[in-house]
């Protein structure tokens with residue numbers, strides 16, 4: 157609603173991408189005039205926003221406020237971990253839908269975003285921002301998660317554009333931001 161109703165469109169596909177809102181983390185809706193109809197959802201714990209926040213945590217930044225720092229680091233790195241992320245952490249389908257391998261994450265049941273298996277996958281512990289400097293490794297991680305996020309968003313938008321044949325797209329949520 158926050159993206160569609162102020163838009164100039166009479167009709168649009170609305171893609172909401174966030175950490176989590178109630179149980180939905182990603183939502184596809186169709187907006188027509190003053191009506192919204194939700195047609196597809198991805199639910200917690202499978203979340204593009206929480207995946208990004210896991211990398212925020214792992215690179216030593218504060219979750220829910222440091223994501224912009226990861227985004228800012230991304231251009232200084234290379235997406236060398238993109239394939240590893242897509243192979244081990246994210247089961248990405250052709251239509252852009254996805255599931256996370258929760259064995260690498262701790263946010264659904266614990267007090268941290270990632271676990272030791274996540275750290276082993278990338279070969280380093282979580283960065284302690286008080287002791288550890290940012291390195292090229294962290295910049296490459298940032299670039300990699302940015303590239304993965306962009307690939308997922310583009311797959312989703314291309315898929316819904318093709319499926320619903322509506323030329324207008326409205327984006328909402330923290331990930332879309």
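In the numbering used here, the protein residues as written are 157 to 333.
Idealized CB from N, CA, C, for every residue including glycine.
All figures in this text were calculated on a predicted structure; none of them were measured in a lab.
Can you name the start and end residues of the alpha helix (DSSP H) that residue i belongs to?
i	result
residue 196	Where residue 196 is concerned, there is no enclosing alpha helix (DSSP H), although the beta strand (DSSP E) it sits in stretches over 191–199.
residue 274	272–278
residue 303	292–320
Once DSSP output is grouped into helix, strand and coil, what is the label at residue i?
i	result
residue 170	strand
Less than 8 Å between the CB atoms is what I'm expecting for residue i and residue j, so what's the real figure, rounded?
i	j	result
residue 322	residue 168	6 Å
residue 187	residue 326	7 Å
residue 269	residue 219	6 Å
residue 298	residue 226	5 Å
residue 292	residue 216	About 15 Å separates the two Cβ atoms, so there is no contact after all.
residue 252	residue 318	Not confirmed; about 11 Å, so no contact.
I need the straight-line Cα distance from residue i to residue j, nearest angstrom please.
i	j	result
residue 157	residue 184	12 Å
residue 304	residue 239	8 Å
residue 178	residue 214	25 Å
residue 340	residue 256	Beyond the ends of the chain as shown, which are 157 and 333, falls residue 340; an answer cannot be given.
residue 308	residue 248	7 Å
residue 320	residue 273	40 Å
residue 264	residue 282	18 Å
residue 285	residue 166	47 Å
residue 244	residue 203	15 Å
residue 290	residue 212	12 Å
residue 201	residue 332	18 Å
residue 279	residue 205	23 Å
residue 171	residue 196	10 Å
residue 241	residue 301	8 Å
residue 191	residue 313	21 Å
residue 266	residue 221	20 Å
residue 288	residue 236	21 Å
residue 315	residue 163	22 Å
In the DSSP assignment, find the beta strand (DSSP E) that holds residue i and state where it starts and stops.
i	result
residue 254	254–256
residue 159	Element bounds for residue 159: n/a, residue is neither H nor E.
residue 264	Counting along the chain, residue 264 falls outside any beta strand (DSSP E), and DSSP gives it neither H nor E.
residue 325	325–328
Runs of alpha helix (DSSP H) lying entirely within the region 176–246, each at least 4 residues, in chain order: Listed in chain order, the complete alpha helix (DSSP H) runs (minimum 4 residues) inside the region 176–246 are 204–214, 223–229.
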